[in-house]
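In numbering that gives the first Met the number 0, the protein residues as written are 0 to 155.
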Amino acid sequence: MRGDVVTAEKLVHAPAEAVFALLSDASQHPNIDGSGAVKAVKPGAPQRLVLGSCFGMSMKVGVGYSMVSTVIEYEENRRIAWQTRPPGFAGRISGGRIWRYELEPGDGGTLVRESWDVSQDHQRPFLKLGGLPAKTRANMTRTLERIEAITAGMTS
């Protein structure tokens, strides 16, 4: 892994508004997650994510755990990003990776770019080792395929 960001992109045959509506609905994240780790949104998540929104997720990679995310970038129908940490004290000393989606409307649909940004993550050196970056890119590719399957043919 060079740098601190891994990206994947796909032309999704749907308008940016439809893709953004899906991404800004935390309850849909388990449906689009290509890793299989995101299991359910925690109670109390807003109906629609906006800048500053906080939402929790039940996760499972071997063992169950929780993460709390805060929307840190938001441009309607163009960009949304959230920073993810464990809840409570653990979140002050660990976590911090950023999941970012950038949308570029064009002929035939929307170019969707997903990024995994570890530049602010407390475990950054460890996350960049071994096969995790390549596995993350493969999972993001599956996420983009799921976004395509859910939004294909939708109109704005």
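C-beta: ideal position from N, C-alpha, C; glycine also.
Please read all numbers here as calculations on a predicted model, not as lab measurements.
Asked                                                                                                                                                        : Found
Specify the secondary structure class of Gly-35 as computed by DSSP and reduced to three states.                                                             : coil
Between Leu-50 and Arg-78, what straight-line distance do the alpha-carbon atoms span, to the nearest angstrom?                                              : 11 Å
Assuming contact is defined by CB atoms lying nearer than 8 Å, are Gly-33 and Arg-145 in contact in what I supplied?                                         : yes
Just list the residues that DSSP pairs Gln-82 with in beta bridges.                                                                                          : Thr-69 and Ile-97
Flag this pair as yes or no: are the beta carbons of Ala-80 and Ile-92 separated by less than 8 Å?                                                           : no
What span of residues does the beta strand (DSSP E) with Gly-55 cover, start to end?                                                                         : 53 to 60
So, helix, strand or coil for Glu-75, using DSSP?                                                                                                            : coil
If you run the structure through DSSP and keep just helix, strand and coil, what is Ser-114?                                                                 : strand
Take the Cβ of Arg-84 as the centre, count every other Cβ of all protein chains shown within 10 Å, and call the residue buried at 16 or more, exposed below. : buried
With a CB to CB cut of under 8 Å and the five nearest residues on each side skipped, what residues in its chain are close to Ser-65?                         : Lys-41, Gly-55, Met-56, Ser-57, Met-58, Pro-85 and Pro-86
Could you tell me if Asp-106 is buried or exposed, where buried requires 16 or more neighbouring beta carbons within 10 angstroms of its beta carbon?        : exposed
State the Cα-Cα distance for the pair Ile-31 and Thr-140, rounded to the nearest angstrom.                                                                   : 11 Å
For the beta strand (DSSP E) containing Leu-10, list its first residue and its last residue.                                                                 : 4 to 11
Would you check if the distance between the CB atom of Pro-104 and the CB atom of Pro-14 is smaller than 8 Å?                                                : yes
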